[in-house]
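Undergrad:
Chains as they are written, first to last, in the working numbering: chain F, 7 to 124; chain D, -7 to 103.
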């Protein structure tokens, strides 16, 4: 299946600093990528839809000025958590859509980035 | 009410057992349905799509009941490697790609 990578896999930062997470589609082009957040023992929550060449679409309750998304190319989207606070500590996962072996579109997830804000 | 609801479990079953997971969704306009598997501290991976006619993939069988807004996953002959969290996922409308995840049902298969 399609491969999506994320970098870094794990990051620890101090409160008030900014952290950038990269999401890459390695063997396909993705006009749309998605950013999710997952807190312990909770479900994945969609944060925003990242569209190549245009502004991201944020879900209700997600601060667009805090979570900056840039989708500069068909294979790269970045999420920057600005002025991070301990409550931003979470598992951030990106995904991208690609046509699967059955011919139907499927979403492939990156391995996730575990952010810890101290 | 949550958009996608699942029994969180855990389900503790012996190897070889048959286990069934249920899921209900609240939006009647939902179009596509999936089961994903998530291992601890890893990303979710697509297990199978769910069709109205029901579908089977080896030991896994998925069923959809649109009238009751209910989805199920049956695992036969459980293996130790089936231990994971199983996520019920719903896409509200075609080609939006916005997936709504349930909180997942944890399965632990023991020897």
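Note that beta-carbon positions come from the ideal geometry of N, C-alpha and C, so glycine has one too. These figures come from a predicted structure and were not determined experimentally.
In this structure, how does DSSP classify residue 49(D) when only helix, strand and coil are distinguished?
TA: Three-state result, residue 49(D): strand.
Undergrad: Show which residues of chain F have a CB atom less than 8 angstroms away from the CB atom of residue 25(D).
TA: Result: empty, since nearest Cβ-Cβ is about 13 angstroms, beyond 8 angstroms.
Undergrad: Report all residues from its chain with a CB closer than 7 angstroms to the CB of residue 20(D); omit the five preceding and five following residues, and keep chain order.
TA: Contacts found: 61.
Undergrad: Helix, strand or coil for residue 49(F) per DSSP?
TA: coil
Undergrad: May I have the straight-line CA-CA distance separating residue 111(F) from residue 98(F), to the nearest angstrom?
TA: 22 angstroms
Undergrad: With the cut-off set at 9 angstroms, would you say residue 65(D) and residue 13(D) are in Cβ contact?
TA: yes
Undergrad: Is the beta carbon of residue -6(D) less than 9 angstroms from the beta carbon of residue 22(D)?
TA: no
Undergrad: Answer with buried or exposed for residue 91(F), where buried requires no fewer than 16 other C-beta atoms within 10 angstroms of its C-beta.
TA: Counting the other Cβ atoms within 10 Å of the Cβ of residue 91(F) gives fewer than 16, which makes it exposed.
Undergrad: Give the interface partners of residue 91(D) over in chain F, defined as CB-CB distance under 9 angstroms, in chain order.
TA: Listed by position along chain F, the residues whose Cβ is nearer than 9 angstroms to that of residue 91(D) are 40, 42, 50, 52, 101 and 113.
Undergrad: Between the beta-carbon of residue 102(D) and the beta-carbon of residue 28(D), is there less than 9 angstroms?
TA: no
Undergrad: Check whether the Cβ atoms of residue 21(F) and residue 86(F) lie closer than 9 angstroms to each other.
TA: no
Undergrad: Go to residue 19(D), then tell me how far its beta strand (DSSP E) extends in each direction, as first and last residue.
TA: Counting along the chain, residue 19(D) falls outside any beta strand (DSSP E), and DSSP gives it neither H nor E.
Undergrad: Judging by CA-CA distance, which residue of 70(F), 96(F), 100(F) and 94(F) is the nearest neighbour of residue 29(F)?
TA: For the residues 70(F), 96(F), 100(F) and 94(F), the minimum Cα distance to residue 29(F) belongs to 100(F).
Undergrad: Would residue 74(D) be called buried (16 or more neighbouring beta carbons within 10 Å of its own) or exposed?
TA: buried
Undergrad: Please list, in chain order, all residues of the same chain as residue 15(D) whose beta carbon is under 6 angstroms from its beta carbon, the five residues on each side excluded.
TA: -2, 63, 80 and 94
Undergrad: What residues from chain F crowd round residue 35(D), counting only those whose CB sits closer than 7 angstroms?
TA: Chain-ordered, the chain F residues with CB closer than 7 angstroms to the CB of residue 35(D) read 99, 115, 116, 117 and 118.
Undergrad: How about residue 2(D): is its C-beta nearer than 9 angstroms to some C-beta of chain F?
TA: no
Undergrad: Which residues in the same chain as residue 57(F) place their Cβ atom closer than 8 angstroms to its Cβ, once the five residues preceding and following it in sequence are excluded?
TA: 37, 38, 63 and 77
Undergrad: Quick check on residue 58(D): buried or exposed, where buried means 16 or more other Cβ atoms within 10 Å of its Cβ?
TA: exposed
Undergrad: Take residue 116(F) as the anchor and find which of 41(F), 18(F) and 51(F) has the nearest alpha-carbon.
TA: 41(F)
Undergrad: Just to make sure I have the definition right: I need the residues of chain F whose C-beta is within less than 9 angstroms of the C-beta of residue 95(D). Which are they?
TA: 47, 48 and 49
Undergrad: To the nearest whole angstrom, what separates the beta carbons of residue 18(F) and residue 122(F), a pair I think is in contact under 8 angstroms?
TA: 5 angstroms
Undergrad: Answer with yes or no whether the minimum CB distance from residue 55(F) to chain D is below 9 angstroms.
TA: Under the Cβ distance rule, residue 55(F) counts among the residues neighbouring chain D, one pair being separated by less than 9 angstroms.
Undergrad: Is it buried or exposed, residue 98(D), if we count other Cβ atoms within 10 angstroms and call 16 or more buried?
TA: With 16 or more other Cβ atoms within 10 Å, it is buried.
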